[in-house]
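For reference, the structure is listed below as C-alpha cells.
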Amino acid sequence: MNNSFPYSIPKLTKENYGHWCIRMKVLLGSQEAWDIVEKGYDEQENEGALNQNKKNTLQMNRKLDQHALSIIHMGLDEGMFVKVAFVTKAKEAWKILENNFKGVEKVKKVQLQTLRGEFEYLHMKESESVSDYFTRVSSVTNQMKQFGEKIEDAHVVEKILRSID
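15 is the number that the working numbering gives to position 27 of the sequence shown; each next residue is one higher, with no gaps.
Following this line, the structure appears as C-alpha cells:
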C-alpha cells in the first residue's frame, strides 16, 4: 500500500460519475484497496478470541479500509461529501454514492437510446463533404461511447460507406 499521491485524485461531479468510477477503481486498485471497497470485510465482535494471524488480518483490513475511505473522501466535493461523511467503511460510502447516481444512469440509458436512433438515421447531405459527414458520425459515436456503448469501428465504417452516394 502506497501512502503517497504523486497525482491528483479525480473529483466527482453531477456529470462525471461513470468516468469518476473508472478512475477511482484504477486508483484504489493501484493502492491495493479496491477489493476492500468492493467486498468489504467482517468486523469481529470478540477480537480477543482471534489468533494472532486473524488479528493481523483484521488490523490490515481496517487500515486498508480507512485508506480507501480517505481516497474516496478526497474525490468528493463538499456537496457529495456530506452524503458519506458519517459512514465508517469504504464499501458503505461507495454504495451510497452508487445508489445516489442510479437515477442518473437511467437518464443515460434514455440518452443512449436517442443517440442510437440518431446514429441509425444519419445520412450524408448532398451539399456535405465526406470529411464533414465523418465528423458528424464521429461526434455521435463518441457520445455513444461516453455512455458505455460498445460500437465497433467496422460498424462505423460500414455506416459511412452505406451513406455515401
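All C-beta atoms, glycine included, are put in the ideal place defined by N, C-alpha and C.
How long is the line joining the alpha carbons of residue i and residue j, rounded to whole angstroms?
{"i": "Gln47", "j": "Thr1", "result": "33 Å"}
{"i": "Leu(-3)", "j": "Glu114", "result": "It should be pointed out that residue -3 corresponds to Ile in this sequence rather than to Leu. Approximately 48 Å, taken between the alpha carbons."}
{"i": "Met132", "j": "Arg104", "result": "7 Å"}
{"i": "Asn87", "j": "Val118", "result": "44 Å"}
{"i": "Gly91", "j": "Lys138", "result": "21 Å"}
{"i": "Phe122", "j": "Lys97", "result": "25 Å"}
{"i": "Ile148", "j": "Thr102", "result": "19 Å"}
{"i": "Asn44", "j": "Val144", "result": "54 Å"}
{"i": "Lys79", "j": "Arg11", "result": "17 Å"}
{"i": "Val72", "j": "Ile152", "result": "53 Å"}
{"i": "Gln40", "j": "Trp82", "result": "30 Å"}
{"i": "Glu31", "j": "Ile24", "result": "12 Å"}
{"i": "Gly67", "j": "Asp53", "result": "22 Å"}
{"i": "Asn4", "j": "Glu93", "result": "11 Å"}
{"i": "Gly6", "j": "Gly36", "result": "42 Å"}
{"i": "Val70", "j": "Asn34", "result": "32 Å"}
In chain order, what residues of the same chain lie with their CB nearer than 8 Å to the CB of residue i, ignoring the 5 residues before and after it?
{"i": "Lys(-1)", "result": "Trp8, Gly63, Leu64 and Asp65"}
{"i": "Val128", "result": "Leu103, Glu106, Phe107 and Leu110"}
{"i": "Leu100", "result": "Met132, Phe135, Gly136 and Glu137"}
{"i": "Phe89", "result": "Tyr5"}
In the DSSP assignment, what residue or residues form a beta bridge with residue i?
{"i": "Leu64", "result": "Leu0"}
Kindly list the residues whose CB is nearer than 7 Å to the CB of residue i, restricted to its own chain and excluding five residues on each side of it in sequence; keep chain order.
{"i": "Lys13", "result": "Trp22"}
{"i": "Val125", "result": "Leu110, Val144, Lys147 and Ile148"}
{"i": "Ile84", "result": "Lys71, Val72 and Val75"}
With a threshold of 16 other CB atoms inside 10 Å of the CB of residue i, please say whether the residue is buried or exposed.
{"i": "Leu15", "result": "buried"}
{"i": "Leu38", "result": "exposed"}
Next on the checklist: Extract the residue ranges of the alpha helix (DSSP H) inside the segment 73 to 108, only unbroken runs of 4 or more that lie entirely within it.
Outcome noted: When DSSP assignments are scanned along the segment 73 to 108, the uninterrupted stretches of alpha helix (DSSP H) that are 4 or more residues long and fall wholly within it turn out to be 78 to 88.
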